[in-house]
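Participant: Residues in the sequence shown are numbered consecutively from 1434, following the working numbering.
Sharing a structure here in structure tokens format.
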Amino acid sequence: MFPSSRLAELLASRIFHDLGSPVASITALLPQGTDPAAHTILMETATELRARMKLFSAAFGGGDELAWQDLGTLLLGAPMAHRVRFDMPSAPGILPPGRVRLMLSAALLAAEALPRGGVVRIAQDQSWRVTFLPEGRDAAWSPTFMDLMADGSPEQALAEGPRRVLAPWVVAQALAEGAELSFALGAGPSLPPLLIAPSA
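See the structure below:
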């Protein structure tokens, strides 16, 4: 189990960091708001910030039930959306808030596996099993996440700081939802997809 207060501290720090860039841009552009070019950039940045806040609210907050297709819309607000695309074929069903948090957080974790950009392929089967496959140059799962998947120390994962907090957060959400995390090993791409399945 993860110390909830420490996990919350790290997550808050990560959220503030990821919101900081668009907020700083808006603050810098406000004095130039009457200039047409600056106004256009200001509005685009405000839209980006709003999308990111909606995503973070669903991924890290209380949230609401959402349809599967709504997840793809929310992921357009991801901090790495300028270099990572999320490919999510349509699937039926309404997801409860806890599963929404798990799915969105796992998608963000998969995007972190793509330092040079690429695509995260997300698919759900009829048994509610979901796979996350990062595809791109130099793709690699977070070492912190790999260690946790090998029964590594939660305390050590938290010691990695805000930059690596998505790994323990995803594991904590899976535990809360009674879901099983594994890597779908076998033939195929060199980077194994992450599989999230309901507990047996």
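For every residue, glycine included, the Cβ atom is placed at its ideal position computed from N, Cα and C.
1. Check whether the region 1510-1518 touches the region 1592-1609, counting contact only when three or more Cβ pairs, one atom from each stretch, lie closer than 8 Å.
2. Less than 8 Å between the CB atoms is what I'm expecting for Ala1524 and Leu1507, so what's the real figure, rounded?
3. Between which two residues does the alpha helix (DSSP H) carrying Val1603 extend?
4. Once the 5 residues before and after Pro1625 are set aside, which same chain residues still bring their CB inside 7 Å of it?
5. Do three or more CB pairs link the region 1492-1499 to the region 1465-1477 at distances below 8 Å?
6. I need the straight-line Cα distance from Leu1509 to Glu1588, nearest angstrom please.
7. On the DSSP bridge list, what partners appear for Pro1631?
8. Classify Arg1534: buried if its beta carbon has 16 or more other beta carbons within 10 angstroms, exposed otherwise.
9. Taking only runs that begin and end inside the region 1524-1559, name each unbroken alpha helix (DSSP H) of 4 or more residues, in chain order.
10. Expressed to the nearest angstrom, what Euclidean distance is found between the alpha-carbon atoms of Leu1591 and Val1603?
11. Give the DSSP-derived three-state secondary structure of Ala1572 in the structure shown.
12. Cutting at 7 Å between CB atoms, please list the residues of its own chain near Leu1528, excluding the five before and the five after it.
Facilitator: A quick look at the data gives this:
1. no
2. Translated into positions along the sequence shown, residue 1524 becomes position 91. Translated into positions along the sequence shown, residue 1507 becomes position 74. Ala1524 to Leu1507, Cβ: 15 Å. No contact.
3. Translated into positions along the sequence shown, residue 1603 becomes position 170. Per DSSP, Val1603 belongs to the alpha helix (DSSP H) from 1599-1610.
4. The count along the sequence shown starts at 1 and reaches residue 1625 at position 192. Counting only Cβ-Cβ distances below 7 Å, and skipping sequence neighbours, we find Phe1616, Ala1617, Leu1618.
5. no
6. Taking the sequence shown and counting its residues from 1, the one referred to as residue 1509 is at position 76. Taking the sequence shown and counting its residues from 1, the one referred to as residue 1588 is at position 155. Cα-Cα distance, rounded: 32 Å.
7. What you label residue 1631 is simply residue 198 of the sequence shown in a count that begins at 1. Beta-bridge pairing links Pro1631 to Ala1612.
8. Numbered from its first residue, the sequence shown carries residue 1534 at position 101. Buried: at least 16 other Cβ atoms inside 10 Å.
9. 1530-1545
10. Sequence index remark: in the sequence shown, residue 1591 carries index 158 (1-based). Sequence index remark: in the sequence shown, residue 1603 carries index 170 (1-based). Cα to Cα, Leu1591 sits roughly 12 Å from Val1603.
11. Residue numbering aside, residue 1572 sits at position 139 when the sequence shown is read from its first letter. Looking at Ala1572 - three-state DSSP - the assignment turns out to be coil, as it is neither helix nor strand.
12. Here the question's residue 1528 lines up with position 95 in the sequence shown. Closer than 7 Å at Cβ, skipping near neighbours: Glu1498, Leu1499, Trp1501, Met1536.
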